[in-house]
Amino acid sequence: MKNNFKSKIIVISFFAFVVSIYSASYFYTKNNNERLLASPRIVMLVGAEAEKNDQLLELTDDQRRDDIRLLNAEKKLFVLSQTQFNDGITDIIEYYAGQYIGEKLTVADCMDYSEKLERAMIKTENKALKSSWIFSACGLIP
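Below, the structure written as structure tokens:
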């Protein structure tokens with residue numbers, strides 16, 4: 006009888022362990038999916054792209070991220086999330102019309118940029134791609 010009780014405890018403990026691991030992984034995955042869907046898909050820079058890239062080339066990674074966050078706070082950088090893109094909002098210029106005044110605009114698709122980044126095998130080309138405004142803007146976490 007004692008052996009039977011011990012077996013039941015082991016089975017119940019194992020079942021509780023499996024359920025807790027499954028629950029934890031479910032909520033972890035759900036949170037990550039929500040975060041990924043809220044991340045930038047299309048980004049728009051108000052101003053000249055070449056000038057901004059030249060400025061960012063001299064900065065460290067942290068300084069680059071801070072500069073892009075500052076641009077975002079100053080409304081010089083606009084973002085469409087993956088969720089908005091899936092909902093059919095694909096024209097960022099039309100979506101944010103009226104929030105910028107007659108300045109030069111640069112639009113980039115983060116998915117296209119990530120594919121370009123994966124293909125760049127030359128170290129110098131890869132460094133230039135990673136130091137561009139698009140790299141930091143696509144990495145903005147909402």
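Under our numbering, the first residue of the sequence shown is numbered 6, with each subsequent residue one higher. Beta carbons: idealized from backbone N, C-alpha and C, even for Gly.
Problem - Contact under 8 Å by Cβ, residue 97 with residue 146 - result: No, they are not a contact pair.
Here's the rule: buried if 16 or more other CB atoms are within 10 angstroms of the residue's CB, otherwise exposed. What is residue 62?
exposed
- prompt: Is the distance from the Cβ of residue 138 to the Cβ of residue 80 below 8 Å?
  reply: Cβ distance not < 8 Å, so residue 138 and residue 80 don't count as in contact.
Length-filtered (4 minimum) alpha helix (DSSP H) runs lying within the stretch 29-63: 54-62
Cutting at 7 Å between CB atoms, please list the residues of its own chain near residue 52, excluding the five before and the five after it. 81, 108, 109
- Would DSSP call residue 113 helix, strand or coil? strand
Hey, could you find the ends of the alpha helix (DSSP H) residue 82 is sitting in?
First-last for residue 82: 82-86, but that is the beta strand (DSSP E), not the alpha helix (DSSP H).
| Is the stretch 33-46 in contact with the stretch 83-94, if contact means three or more CB pairs nearer than 8 Å? | With three or more CB-CB distances shorter than 8 Å, the stretch 33-46 counts as touching the stretch 83-94.
Worksheet item: Helix, strand or coil: how does DSSP classify residue 78 here?
Response: helix
Notebook entry, point to check: Is it true that the CB of residue 136 sits closer than 8 Å to the CB of residue 73?
Noted result: no
Worksheet item: Any idea what DSSP makes of residue 101, helix, strand or coil?
Response: coil
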